[in-house]
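Data block below; observations after.
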Amino acid sequence: MAASRARTVAPVAGLLPSAGPVAAAAALSGAVVLAALVTGSAEPVVVLPVAAAALGGLRAGVPWAASAAGLLVVGAGTALAVAGTAVAAACAAPALLLGLAVAVAWAWQRRLAEEDLASAQLVTEAVSVVDDVTGCYNANGLDLLSRHLLSSVRRATGAMHAALVEVGDLAAIQDVAGPAAVDEALCAVADALRTVTRGADVVGRWTQDVFAVVGPGTGTSPAELERRVRACLQRAAAASSGAWPSTVTVGAALLEPWDAGGLEVLVARAGEDLALRRALRSPSAREPQAPELGA
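The following block contains the structure:
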């Protein structure tokens, strides 16, 4: 009998957690007590195999619900096979059903948790107001702050301006130095805009390669804003070995107090001005020089 117990206890001891003697004793005691309750037996030959199954599941990283389900199912089968008594048979059927119910409930809860996590990630992305790359506001943040700013400007019967700053040559930078250099260039433009604009202006990344500056009043002219940004980028390039964009194009618009419309109209006007300035700078828009007289 002692030899039989030794053969049964040895596999159980190998499944104990490696966190220390206290944790091991607690795990073994809990597994044995639960196995005894499930099997309805106090015989070691019945209880210890069930406890070993539970400890094996926990050691392998099986979630507690799945391990409990396995414990109940194995306990029911062990009780029927070893004990063979009427009491064991009476306890086995409820244990089997309960184990299956726990397994189904665990699988269902896990599926719901995964769906909740996916939904939470979508909501987080929707309500995020900061651009991950540049650290300035993203389109959501620009929209929220600009609408609040427009309401304040309307109450004060003032004007509101918007400037769209397009960063050029990003594709060439990526071909030469990779995506990290593109992010570095975008961060440089964002830092330059935060430096050269007023404190009341809102700076954000509107699209992949376009920044927006929105603020009260008439704002800075497109030519002056371009000059300031280029100068700031040149100073940053002189102090760093990074790759910087070589072209920055600005389009601007103004919403007067008597103008109808809101933020959408203002940004659309700035986009039209940006497209016009971009077209004027294209090589096809440059007029050929007249030949010199006498040539």
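If you want this note's numbering, it's the 1-based position in the sequence shown plus 735. All C-beta atoms, glycine included, are put in the ideal place defined by N, C-alpha and C. Keep in mind the model is a prediction, meaning the values are calculated, not measured.
{"Item": "Between the CA atoms of L879 and G997 - distance to the nearest angstrom", "Value": "13 Å"}
{"Item": "Cβ shell of V1002 (< 6 Å), same chain only, five flanking positions each side left out", "Value": "A897"}
{"Item": "Beta-carbon contacts of R965 that lie in its chain and below 7 Å, excluding the five residues immediately before and after", "Value": "V983"}
{"Item": "Cβ neighbour criterion (16 or more within 10 Å) applied to S863", "Value": "exposed"}
{"Item": "Local conformation of G996 per DSSP, three classes", "Value": "coil"}
{"Item": "Cα-Cα separation, T1033 to M895", "Value": "In the structure displayed, the chain extends from 736 to 1030; residue 1033 sits before or after that span and is not available."}
{"Item": "Cβ shell of L989 (< 7 Å), same chain only, five flanking positions each side left out", "Value": "A894, H896, T953"}
{"Item": "Three-state class that DSSP yields for R940 in the structure shown", "Value": "strand"}
{"Item": "Alpha-carbon to alpha-carbon, W993 and G950", "Value": "17 Å"}
{"Item": "Euclidean distance between Cα positions of E959 and A1005", "Value": "16 Å"}
{"Item": "Of the residues P957, A972, V1000, E999, the one placed nearest L1009, counting alpha carbons only", "Value": "P957"}
{"Item": "Neighbour-count burial assignment, G934, 16 or more Cβ in a 10 Å radius", "Value": "exposed"}
{"Item": "Buried versus exposed, by CB contacts within 10 Å (16 or more), L847", "Value": "exposed"}
{"Item": "First and last residue of the uninterrupted beta strand (DSSP E) at V902", "Value": "895-902"}
{"Item": "Whole-number beta carbon distance between A920 and I908, since they are thought to touch under 8 Å", "Value": "6 Å"}
{"Item": "Where T984 sits in the DSSP three-state scheme", "Value": "strand"}
{"Item": "Own chain partners of S881 with C-beta closer than 7 Å, once the 5 adjacent residues on each side are dropped", "Value": "V937, V949, L998"}
{"Item": "Residue range of the unbroken alpha helix (DSSP H) whose run includes G876", "Value": "874-890"}
{"Item": "Member of L1011, G986, L884, A916 whose CA lies at the smallest distance from the CA of A972", "Value": "A916"}
{"Item": "Proximity winner among A891, D918, T892, relative to C904 (alpha-carbon distances)", "Value": "One detail in the question is off: residue 904 reads as Asp in this sequence, not Cys. That would be D918, whose Cα lies nearest to the Cα of D904."}
{"Item": "Identity of the residues DSSP links to P951 by a beta bridge", "Value": "M895"}
{"Item": "Length of the line joining the Cα atoms of T930 and V900", "Value": "14 Å"}
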